[in-house]
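There are 2 protein chains.
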Amino acid sequence: MVLTSAPPTLPMPRLLSTLPTNKSISCCGGTNYGSSQSKPNSAPAINFQAKVFPKENVITSPKQDDDKTVTPAAAARKIPQHLNWESRKLDGVYDTFGGKLGQGGLVFQQNFSIRSYDLGPNGKATIGCLMERLQETSIQHCRSVGLYAGGFGSTPEMSKRGLVWVLCKLQTVVEKYPSWADVIQIDTWTGASGNNGLFRDWIFRDYSTREILIRATGLYMMMHMKTRKFSKVTAEITDELRSALMDSDPLIDIKNAKLGRLDIDARNYFQTSVAKPGWSDLDVNQHVSHAKYIDWVFESIPFSVLETHELSSMTLEYRSECRRDSVVQSLTAVARDGTGDSTHNQGVEFDHLLRLETGSKVLRARTLWKPIM
Amino acid sequence: MVLTSAPPTLPMPRLLSTLPTNKSISCCGGTNYGSSQSKPNSAPAINFQAKVFPKENVITSPKQDDDKTVTPAAAARKIPQHLNWESRKLDGVYDTFGGKLGQGGLVFQQNFSIRSYDLGPNGKATIGCLMERLQETSIQHCRSVGLYAGGFGSTPEMSKRGLVWVLCKLQTVVEKYPSWADVIQIDTWTGASGNNGLFRDWIFRDYSTREILIRATGLYMMMHMKTRKFSKVTAEITDELRSALMDSDPLIDIKNAKLGRLDIDARNYFQTSVAKPGWSDLDVNQHVSHAKYIDWVFESIPFSVLETHELSSMTLEYRSECRRDSVVQSLTAVARDGTGDSTHNQGVEFDHLLRLETGSKVLRARTLWKPIM
Numbered sequence: 001m002v003l004t005s006a007p008p009t010l011p012m013p014r015l016l017s018t019l020p021t022n023k024s025i026s027c028c029g030g031t032n033y034g035s036s037q038s039k040p041n042s043a044p045a046i047n048f049q050a051k052v053f054p055k056e057n058v059i060t061s062p063k064q065d066d067d068k069t070v071t072p073a074a075a076a077r078k079i080p081q082h083l084n085w086e087s088r089k090l091d092g093v094y095d096t097f098g099g100k101l102g103q104g105g106l107v108f109q110q111n112f113s114i115r116s117y118d119l120g121p122n123g124k125a126t127i128g129c130l131m132e133r134l135q136e137t138s139i140q141h142c143r144s145v146g147l148y149a150g151g152f153g154s155t156p157e158m159s160k161r162g163l164v165w166v167l168c169k170l171q172t173v174v175e176k177y178p179s180w181a182d183v184i185q186i187d188t189w190t191g192a193s194g195n196n197g198l199f200r201d202w203i204f205r206d207y208s209t210r211e212i213l214i215r216a217t218g219l220y221m222m223m224h225m226k227t228r229k230f231s232k233v234t235a236e237i238t239d240e241l242r243s244a245l246m247d248s249d250p251l252i253d254i255k256n257a258k259l260g261r262l263d264i265d266a267r268n269y270f271q272t273s274v275a276k277p278g279w280s281d282l283d284v285n286q287h288v289s290h291a292k293y294i295d296w297v298f299e300s301i302p303f304s305v306l307e308t309h310e311l312s313s314m315t316l317e318y319r320s321e322c323r324r325d326s327v328v329q330s331l332t333a334v335a336r337d338g339t340g341d342s343t344h345n346q347g348v349e350f351d352h353l354l355r356l357e358t359g360s361k362v363l364r365a366r367t368l369w370k371p372i373m
Numbered sequence: 374m375v376l377t378s379a380p381p382t383l384p385m386p387r388l389l390s391t392l393p394t395n396k397s398i399s400c401c402g403g404t405n406y407g408s409s410q411s412k413p414n415s416a417p418a419i420n421f422q423a424k425v426f427p428k429e430n431v432i433t434s435p436k437q438d439d440d441k442t443v444t445p446a447a448a449a450r451k452i453p454q455h456l457n458w459e460s461r462k463l464d465g466v467y468d469t470f471g472g473k474l475g476q477g478g479l480v481f482q483q484n485f486s487i488r489s490y491d492l493g494p495n496g497k498a499t500i501g502c503l504m505e506r507l508q509e510t511s512i513q514h515c516r517s518v519g520l521y522a523g524g525f526g527s528t529p530e531m532s533k534r535g536l537v538w539v540l541c542k543l544q545t546v547v548e549k550y551p552s553w554a555d556v557i558q559i560d561t562w563t564g565a566s567g568n569n570g571l572f573r574d575w576i577f578r579d580y581s582t583r584e585i586l587i588r589a590t591g592l593y594m595m596m597h598m599k600t601r602k603f604s605k606v607t608a609e610i611t612d613e614l615r616s617a618l619m620d621s622d623p624l625i626d627i628k629n630a631k632l633g634r635l636d637i638d639a640r641n642y643f644q645t646s647v648a649k650p651g652w653s654d655l656d657v658n659q660h661v662s663h664a665k666y667i668d669w670v671f672e673s674i675p676f677s678v679l680e681t682h683e684l685s686s687m688t689l690e691y692r693s694e695c696r697r698d699s700v701v702q703s704l705t706a707v708a709r710d711g712t713g714d715s716t717h718n719q720g721v722e723f724d725h726l727l728r729l730e731t732g733s734k735v736l737r738a739r740t741l742w743k744p745i746m
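Shown next, in the form of C-alpha cells:
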C-alpha cells in the first residue's frame, strides 16, 4: 500500500500547552518570579481593573511532604461572594450553553449538561469529563475577549514574539460529582501570579441548586515557542493583559502547593507496563490529551481503591510534553493511608509519576481519595 | 491498607448493551427472524402509526466478502424527506440543547456543540465523540417517550419478563466531520426490523447549513437478562411498542450487511499486544464503553493511514460483552487497498477483530478510509 497524501492540516490554535523540557520547570514553584505579594522587578505592575473576591477567600493548600498526613485543602475553603452578572460593554449572551461574559469580560460563565457518556462506572461524571469542560471554558473565555492571537490566551505582542502560555500546575478540589442530566455551571477568571505568571480559577456549580461542586486553579507561565524557555512579561504584554485580569488571589494557593517525591528506590509502588498513546489520545496539536494523562495516572491505582473511593482532590504538575511516539509508564505510591476500618475510613492519598521510557518525567501528581458513602 | 467499604451503587439503567455470548449471535444476521419484508410468524404484526420515509429512500449496503472491492454504501444513499416538527400531544421543548420530540413522539431531535475536547489530531470531531452523541440521543428518546422501565428502551412487559434490548450491529456513514464550535443536530427514530428486532436510525446535520453529515443505523434484538438468550417479541410487548415505531425501512440495510471474515491464518494482519480496559474505559454497568471498542479497533490500524485518511464508513458487529477483567487483542487486515498513487487514491478498507485472550470474539468490524483532501 502506498500512501502519499499530505498529512492533515491543523487549523486549531495551541490548546492548554504543557511544559516542553524538564530543565525549565524549576521556575514554576515561584522561586524565580516571587510571590504574588512581591514588588515588580523588570516588568511594571499591572493595574487591576476590578476587585471581586476578597483576598481572604482563598483555599490555602498546605505544604505537603512525603508520607505526611495533612488536612485536605478543601477543609480551609471559603465561598467567594456572588458574581455580579450586570450587563457591561463586553458582555454578550450567546445561548444557554454557549457561554457569556460577566464583570466587563473578566469572568466567563458556561453551562454544560452531563450526558450518559460522561459517566464513569460509579454512575457519576468522571474527573476526565470535568477537566475537559474546564479546558473548554478557559479557551472560550480567551476567545470571547480576543486573547487568541496565534495561541490560547496569547496577546498580539506575545504572538509577535513567539510566546505562548503553558500550564504548569493544576489543582482541583471536588465537593460533589454531578450525575446524569445534571446541568453544571462553570465560572472562570484569570489573574496575575507574581510578575510573570497567570493563574486561572474555576468554580463548578449545580445549575439548579447553586451548590458548589468543584473548585480549581491552574498556574500558567509564558514560554518561547522556539527556544522552549520561559520568558518574562514585558511592558507591552502587561498593557495588553491589563483589562483581562481579576484583582484577586487564586482560589487555591497552587504556587506553594508541594508535591511529594516518588522515590522509586525507597518506596513500594504500583506500576503499569509501558504504553504508547493511541490515535484517539492525541489532541489537535498531536500532543497527548490531558484526559489521557489522568487515565494513565488512574491505571496504576489499584481497582480496589477506585471502586470503593472517589477522587476528592488532585494536583497535577506538568513536566514535559508527551507526543504520539512517547512510551510512558505510570507509577503510584501510597502517600498517606487513612483507610483504617470501614467506620473510620479517612481515605487514601497517592503520589504519582508518569515518566518516559528514557526516564524523563512527564507529570507528577498527588490525589486524595475518599470512601464512597 | 484495608478497604472494606461497599462497592459503589449503580443508579443508572442498562445502556446500549452488547451481546453476551457467541452462541446467541447467529440470529443477528436475520436468518432466525426473517427479513423486514417477511410475514409475521409467532408474533403478531405491528400496526405502524405513521409513515414518514418512503421505503425507497434506503441506503442499500452491498454484501461484502473478503478482499472484494465494493461500491461504498454511501454512494447509494437518498435523502429522506424533511421531518415535520409540528407540536403534538407528546411534543415538548426543553431547551436548545435538551432535545425535543417530533412526529407525536416518533422522532427525537437534539443539538450538540462541538467542543475543543471533541477534536482529534486532524482538528475534526472524532468518530468516538460522534458515537457518544448517537448513544445519548437514543437513550434520551427512550426516556422522553417513557420506554425506560428498568433498562434502555424497555417496556413494562419487557421489564416484567427480564428482557432488554441489545445492540447487535451498527453502521455509520460519514459525509463530513464537524469542526470546533459547530452545532450538530441529530434526528433519531426507531422501527421494526422483522418480527423480533428493532432498528434505530440517526441523521446528523450541520445546524446552520442543514447539510447532512452522518447517517447511521443500529440493529437491536431482545435478550433475556438471566438466560442471556434472544427472545421473541410477544403480543403484549408489540402492543406497548406500537406507538413508538416509525413505518419505514432503515436508512441503511444493516440486516443484510455482511462483514468479511478475518482469517488470521490466511491473511496478513496488524495486531496490538493484549490489553485490559482501564477504570476510565468502563461505563455505568461496568462494561467497556463503546468508545473504547472503537479506540481498540483504531489501535491496530497503521498510523500512516490514520494521519492521511479519514473514516468514511464503519460497520460494527457486537459479539460478546467485555468487562473490566477482559484481556483484549485488536487485529486488522486490509480488505481492499485502493490507495494507488496520490492522484487516484480510492481509500482503503479494513476488516477488524477484537478478541479475548481466550479466543472469543468481542467485535467484528469493517471500516472504509478515504484520503484527506
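Chains C and U, in that order, give the protein sequences. Each step along the first sequence adds one to the number in the numbering used here, with nothing skipped, and position 132 is 132. Whatever position you read off the second sequence (first residue = 1), add 373 for the numbering used here. C-beta atoms are modelled at their ideal positions from N, C-alpha and C, and glycine is treated no differently. Computed from a predicted structure; not experimentally measured.
For residue i, is the classification buried or exposed, using 16 other Cβ atoms within 10 angstroms of its Cβ as the cut-off for buried?
| i | result |
| --- | --- |
| Gly146/C | exposed |
| Lys160/C | exposed |
| Asn111/C | buried |
| Asp683/U | Strictly speaking, residue 683/U in this sequence is Glu, with Asp absent from that position. Buried: at least 16 other Cβ atoms inside 10 Å. |
| Lys124/C | buried |
| Glu730/U | exposed |
| Asn718/U | buried |
| Val701/U | buried |
| Trp562/U | buried |
| Thr172/C | buried |
Could you tell me the distance, in whole angstroms, from the CA atom of residue i to the CA atom of residue j?
| i | j | result |
| --- | --- | --- |
| Ser581/U | Gly260/C | 50 Å |
| Pro744/U | Ser179/C | 40 Å |
| Arg488/U | Trp742/U | 24 Å |
| Phe270/C | Thr332/C | 5 Å |
| Leu363/C | Val647/U | 26 Å |
| Glu157/C | Arg324/C | 31 Å |
| Tyr148/C | Trp165/C | 11 Å |
| Asp182/C | Thr712/U | 46 Å |
| Ser193/C | Leu134/C | 19 Å |
| Ala244/C | Ile254/C | 20 Å |
| Ser653/U | Lys229/C | 34 Å |
Determine the closest residue to residue i out of the options, with distance taken between C-alpha atoms.
| i | options | result |
| --- | --- | --- |
| Leu167/C | Met222/C, Met314/C, Asn122/C | Met222/C |
| Leu282/C | Val657/U, Leu736/U, Asp668/U | Asp668/U |
| Asn195/C | Leu219/C, Ala257/C, Val328/C | Leu219/C |
| Leu571/U | Arg697/U, Pro529/U, Thr611/U, Thr545/U | Thr611/U |
| Ile139/C | Pro156/C, Phe108/C, Ser113/C | Phe108/C |
| Leu503/U | Ala738/U, Ser486/U, Arg516/U, Ser517/U | Ser486/U |
| Pro302/C | Gly128/C, Ile186/C, Thr137/C, Glu349/C | Glu349/C |
| Arg578/U | Gln558/U, Met746/U, Met619/U | Gln558/U |
| Asp710/U | Gly501/U, Asn629/U, Val678/U | Val678/U |
| Ile625/U | Lys665/U, Tyr666/U, Ser686/U | Ser686/U |
| Ser693/U | Phe671/U, Lys605/U, Thr716/U, Leu727/U | Leu727/U |
What first and last residue would you give for the beta strand (DSSP E) that runs through residue i?
| i | result |
| --- | --- |
| Thr239/C | With the sequence shown as reference, residue 239/C is identified as Asp, and Thr is not the correct amino acid for it. Run containing Asp239/C: none in the beta strand (DSSP E); it sits in the alpha helix (DSSP H), 235–241. |
| Leu578/U | The residue asked about is misnamed: residue 578/U is Arg in this sequence, not Leu. Looking at the DSSP string, the run of the beta strand (DSSP E) that includes Arg578/U is 570–579. |
| Lys160/C | Note, Lys160/C: premise wrong, no beta strand (DSSP E); alpha helix (DSSP H) at 156–160. |
| Ile559/U | 556–566 |
| Leu536/U | 536–547 |
| Thr217/C | 212–224 |
| Asp654/U | Asp654/U -> no beta strand (DSSP E), and no H or E assigned at all. |
| Thr315/C | 309–318 |
| Phe230/C | Segment: none, Phe230/C is in no beta strand (DSSP E) and carries neither H nor E. |
| Gly102/C | 100–102 |
Less than 9 Å separating the beta-carbons of residue i and residue j?
| i | j | result |
| --- | --- | --- |
| Ser300/C | Ser326/C | no |
| Glu132/C | His287/C | no |
| Leu543/U | Thr740/U | no |
| Ser527/U | Leu474/U | no |
What first and last residue would you give for the alpha helix (DSSP H) that runs through residue i?
| i | result |
| --- | --- |
| Ala664/U | 663–672 |
| Arg143/C | 127–144 |
| Leu306/C | 303–306 |
Can a CB atom of chain B be found closer than 9 Å to the CB of residue i?
| i | result |
| --- | --- |
| Phe303/C | Of the chains in the structure shown, none is chain B; the protein chains are C and U. |
Residue i: beta carbon under 8 Å from a heavy atom of the ligand ZN?
| i | result |
| --- | --- |
| Tyr580/U | Because no ligand of any kind appears in the structure shown, any question about the ligand ZN cannot be addressed here. |
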